[in-house]
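Visitor: Supplied in structure tokens, the structure appears directly below.
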Amino acid sequence: MLNALRSVPADHYYLFKSCLTCSLYPGIEKSIRFVLDRIGASYTDDPRHSSCTGFGYHAGVVPLKANLALNARNFSLAADSTDKHIVCTCPTSYGNLKECKDIISSDESQRKFVSAALKKVGRTLDITPSIHHVSDIFLARIDDIRAKATHDFSGVRAVTHHGCHYSKIFYRDVASGSFERPTVLDDIAKAFGCEVLDYSERSLCCGMGFHYTMVDREYPRSVLRRKFASIKKAAPDVIITQCPGCIFNLDYYQETLSEEIGPLDIPVLYFSEMAALALGADPYEIGLDMHAVPVEPLLERLGIMEGRR
Amino acid sequence: MVADTMRVALERPAKAVNDVRLDRLCGFEKCMQCGRCTASCPAAFIYDDYRPRDVMRKLQLGQKDTLTHLLWRCGQCYSCAARCPRNNSVASGILALRESAIAAGLAPEKIMDAAAIIRKNLYNHGETFLPSTFDFLEEFGPRTTGRCKDNGKKRVRLGFNRHDARAQPVPEDAMDEIRALMDMSWPGGGRDA
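Quick look at the structure:
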């Protein structure tokens with residue numbers, strides 16, 4: 000087992016919800032809980048934690064001090080919990096929390112500032128909770144998850160796309176493969192029977208770009224033109240992702256990009272949606288009908304839609 | 000004035016500024032102008048005037064004011080950071096420069112509009128992005144619009160709040176802490192949000 004994977008906690012997760020996931024694909028959050036419940040994991044779903052601010056921080060509009068202060072509070076909530084290992088849905092939360100922890104522990108003036116700020120709201124600075132992405136947890140517990148599977152994805156040809164903020168900021172911490180070629184999602188997809196295909200632009204960003212998504216969507220469109228030209232050559236049945244920004248981009252832009260580069264219509268699944276489906280989740284209960292590119296034809300092919308509405 | 004194509008050694012590196020992201024994470028003093036960052040950068044692929052290597056050069060020369068119009072070119076993917084042989088991060092330096100540009104009133108108007116939306120989302124809900132922040136569905140074509148126009152109702156069916164990102168919004172006493180921390184840490188305060 001890889002060192003990075005060995006450091007993944009066996010249990011006791013403090014689930015760190017993602018504002019982008021909950022806003023655009025709330026079913027992904029449900030699919031994560033569905034799988035954790037099925038394997039009997041213990042976790043805390045604390046409504047008190049705030050957004051990590053990462054979407055705004057990387058857009059350049061949330062000041063560093065606000066980012067540090069709000070996440071210092073989030074750390075203190077996890078530290079007080081019985082489930083102390085922070086597990087993020089979103090790679091930007093994962094990268095941003097790690098960066099906040101790094102800056103708070105190494106920069107004395109920032110540490111003094113956040114410590115004093117927390118004191119004023121009645122909290123104590125404690126940055127000891129560890130930080131993980133939920134795909135690392137699924138990979139570390141893949142045998143537990145697979146043991147509960149009722150469906151598999153044999154014969155499904157998949158490509159994977161890892162989030163940049165998972166693999167490129169704290170690039171030594173990738174749990175499988177390397178930052179140039181992370182294979183966390185490949186390992187998970189293979190565990191459910193997928194055949195994983197290669198494509199030349201594997202490591203190219205999805206182009207979400209934070210402020211770009213709010214103010215100038217020509218940038219994501221240009222990056223995705225390159226990305227999809229490469230994915231199209233591999234002709235996969237499904238794209239597997241681990242990031243709410245990436246799934247939004249890879250899913251929503253397909254219809255209009257098809258007009259430029261030819262038909263696409265490739266369903267995009269979050270790895271936790273695939274795992275929940277393998278474990279028998281009702282596709283509608285995990286919101287698969289909220290996806291832009293229809294997932295239903297793939298599910299029908301796999302016999303997962305039978306008896307469903 | 001150094002031409003974009005000319006690479007010269009520095010007699011004296013530019014003085015550091017007071018932001019850990021420029022002083023430590025960015026690492027521009029260590030940059031040897033190899034250009035791996037520019038070769039990796041999706042924004043440099045699109046915009047002829049944006050090259051991460053040149054951002055580092057301008058920082059070395061103490062010419063950060065010449066970068067103001069380029070700061071929002073970066074898409075924050077950190078490919079530059081992952082590929083740098085000297086463990087530098089142009090993307091981190093960009094964040095420090097964006098924060099000082101906003102403080103100096105030098106950010107584009109659209110960025111300031113986005114900043115106002117995000118601050119309001121955080122101050123009112125404790126969330127950076129809300130369902131209502133996604134207000135451009137129609138751009139994605141008629142089929143996507145048709146499929147996703149009722150996603151607001153579908154999220155309620157899944158047990159989520161219609162207007163908040165969460166199933167269970169951040170409780171009010173927690174919001175009091177979040178607002179107090181924002182008031183202390185966000186220049187201009189959060190109260191006018």
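Just so you know, the sequences run in chain order A and B.
Letter by letter, the first sequence follows residues 0 to 308 in numbering that gives the first Met the number 0.
Letter by letter, the second sequence follows residues 0 to 192 in numbering that gives the first Met the number 0.
Cβ atoms here follow ideal geometry from the backbone N, Cα and C, with glycine treated the same way.
(1) Whole angstroms are fine: how far does the CA of A/Ser271 sit from the CA of A/Val155?
(2) May I ask you to report which of helix, strand or coil DSSP gives B/Ala13?
(3) Closer than 7 Å by beta-carbon distance: list the chain B residues that pair up with A/Phe178, in chain order.
(4) Quick one: measure Cβ to Cβ for A/Thr43 and A/Ser80, integer angstroms, because I've assumed they're closer than 8 Å.
(5) A/Ala291 to A/Cys242, Cα distance in whole Å?
(6) Check for me: the alpha helix (DSSP H) holding B/Ala115 runs from which residue to which?
(7) From this set, B/Phe133, B/Gly61, B/Asn160 and B/Gly158, which residue's C-alpha is nearest B/Cys147's C-alpha?
(8) Tell me whether B/His68 is buried or exposed, calling it buried when 16 or more other Cβ atoms sit within 10 Å of its Cβ.
(9) What's the call for A/Phe178, buried or exposed, on a 16-neighbour Cβ count within 10 Å?
(10) Can the beta-carbon of B/Gly151 be found less than 8 Å from the beta-carbon of B/Pro130?
(11) Less than 8 Å between the CB atoms is what I'm expecting for B/Trp71 and A/Gly59, so what's the real figure, rounded?
(12) Would you kindly work out how many angstroms separate the C-alpha atoms of A/Gly94 and B/Pro84, rounded to a whole number?
(13) Around the Cβ of B/Met155, are there at least 16 other Cβ atoms within 10 angstroms (buried) or fewer (exposed)?
(14) Just to confirm, are B/Tyr77 and B/Ala95 a CB contact at a threshold of 8 Å?
(15) Give me the DSSP bridge partner(s) of A/His160.
(16) Residues in the segment 107-123 of chain B with C-beta within 7 Å of chain A's C-beta atoms, listed in sequence order?
(17) Taking beta-carbon pairs under 9 Å, can you tell me which members of the segment 167-185 of chain B lie near chain A?
(18) Taking all protein chains shown into account, do 16 or more other C-beta atoms lie within 10 angstroms of the C-beta of A/Ile285, making it buried, or fewer, making it exposed?
(19) Please return the same chain residues whose Cβ sits closer than 6 Å to the Cβ of A/Ser30, not counting the five positions on each side in sequence.
(20) Three-state secondary structure (DSSP) at B/Pro170?
(21) I'd like to confirm the pairing. Which residues does DSSP put opposite A/Phe15 in its beta bridges?
(22) Between the C-alpha atoms of B/Thr65 and B/Val54, what's the straight-line distance to the nearest angstrom?
(23) Output needed in chain order: residues of the segment 161-195 of chain A with a Cβ under 9 Å from some Cβ in chain B.
(24) According to DSSP, simplified to helix, strand and coil, what is B/Met183?
(25) Please determine, among B/Gly74, B/Phe135 and B/Cys79, the residue with the shortest C-alpha to C-alpha distance to B/Gln32.
(26) Along chain A, which residues have their Cβ under 7 Å away from the Cβ of B/Leu157?
(27) Could you work out which residues of chain A lie near B/Pro51, taking near to mean beta carbons separated by less than 9 Å?
(28) What are the partner residues of A/Val267, as DSSP defines its beta bridges?
(29) Which runs of the alpha helix (DSSP H) at least 4 residues long sit entirely within the segment 104-159 of chain A? Give them in chain order.
(30) On a Cα-Cα basis, can you pick out the residue from A/Asp215, A/Arg220, A/Ile239 and A/Gly261 that is closest to A/Lys231?
(31) What does the Cβ neighbour count give for B/Ala164, buried or exposed, with the cut at 16 atoms within 10 Å?
(32) With H, G and I counted as helix, E and B as strand and the rest as coil, what does DSSP make of B/Val1?
(33) Helix or strand or just coil, what does DSSP make of A/Tyr42?
(34) In the structure shown, what three-state DSSP assignment does A/Glu200 receive?
(35) Could you say which of A/Ala77, A/Glu194, A/Ala9 and A/Phe15 lies nearest to A/Ile239 if we only look at CA atoms?
(36) Kindly list, in the order they appear in chain A, the residues whose Cβ is closer than 7 Å to that of B/Lys153.
Guide: To lay it out plainly:
(1) 16 Å
(2) In this prediction, B/Ala13 has a pLDDT of 45, which is less than 50 and means its spatial position is unreliable; what the coordinates show is noted afterwards. In the structure shown, B/Ala13 sits in coil (DSSP, three-state: anything other than H, G, I, E or B).
(3) Ala81
(4) 5 Å
(5) 16 Å
(6) Glu108 to His124
(7) B/Phe133
(8) exposed
(9) buried
(10) yes
(11) 7 Å
(12) 20 Å
(13) According to the sequence shown, residue 155 of chain B is Val rather than Met. Result: exposed.
(14) no
(15) A/Thr240
(16) Lys109, Ile110, Ala113, Ala114, Ile117 and Leu121
(17) Gln167, Pro168, Val169, Pro170, Asp172, Ala173, Met174, Asp175, Glu176, Ile177, Ala179, Leu180, Met181, Met183, Ser184 and Trp185
(18) buried
(19) Ser271, Glu272, Ala275 and Ile285
(20) coil
(21) A/Cys87
(22) 9 Å
(23) Cys163, His164, Ser166, Lys167, Ile168, Tyr170, Phe178 and Glu179
(24) helix
(25) B/Cys79
(26) Pro25, Gly26, Lys29 and Gly286
(27) In chain order: nothing, as chain A lies at least about 13 Å away.
(28) A/Ile238
(29) 107-119, 133-139 and 141-146
(30) A/Gly261
(31) buried
(32) Low confidence applies to B/Val1: its pLDDT is 48, below 50, so where it sits in the model is not reliable, and the reading given next is rough at best. DSSP places B/Val1 in coil when its eight states are reduced to three.
(33) strand
(34) coil
(35) A/Glu194
(36) Gly286, Asp288 and Met289
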